[in-house]
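In the numbering used here, the protein residues as written are 1 to 84.
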């Protein structure tokens, strides 16, 4: 899969996803691993954001990111398990 240029940018963890880490039982290291092992991406319902498809603990997860071209940062908005 061909990833966009912003995929290589430094990550910024939003306060929202920091709050969700405890609620959803994952760490920043888990999040970074999920992104390293991502297998697909597509546009999100919110313009300018992207949905990243990945896995964590053998379950499917979605990570929502928003590229910040001014700062060259990839802002992680949230992450959540996908119910099948």
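Quick reminder that beta carbons are idealized off the backbone N, C-alpha and C, glycines included. No experiment lies behind these values; they were computed from the predicted model shown.
Under the rule that 16 or more other beta-carbon atoms within 10 Å means buried, what is residue i, buried or exposed?
{"i": "residue 11", "result": "exposed"}
{"i": "residue 76", "result": "buried"}
{"i": "residue 70", "result": "exposed"}
{"i": "residue 82", "result": "exposed"}
Going by beta-carbon coordinates alone, are residue i and residue j separated by less than 8 Å?
{"i": "residue 80", "j": "residue 56", "result": "no"}
{"i": "residue 52", "j": "residue 28", "result": "no"}
{"i": "residue 42", "j": "residue 64", "result": "no"}
Residue i by DSSP, collapsed to three states: which one?
{"i": "residue 47", "result": "coil"}
{"i": "residue 61", "result": "strand"}
{"i": "residue 75", "result": "strand"}
If we ignore side chains and look at the alpha-carbon of each, how far apart do residue i and residue j end up?
{"i": "residue 40", "j": "residue 22", "result": "25 Å"}
{"i": "residue 68", "j": "residue 74", "result": "6 Å"}
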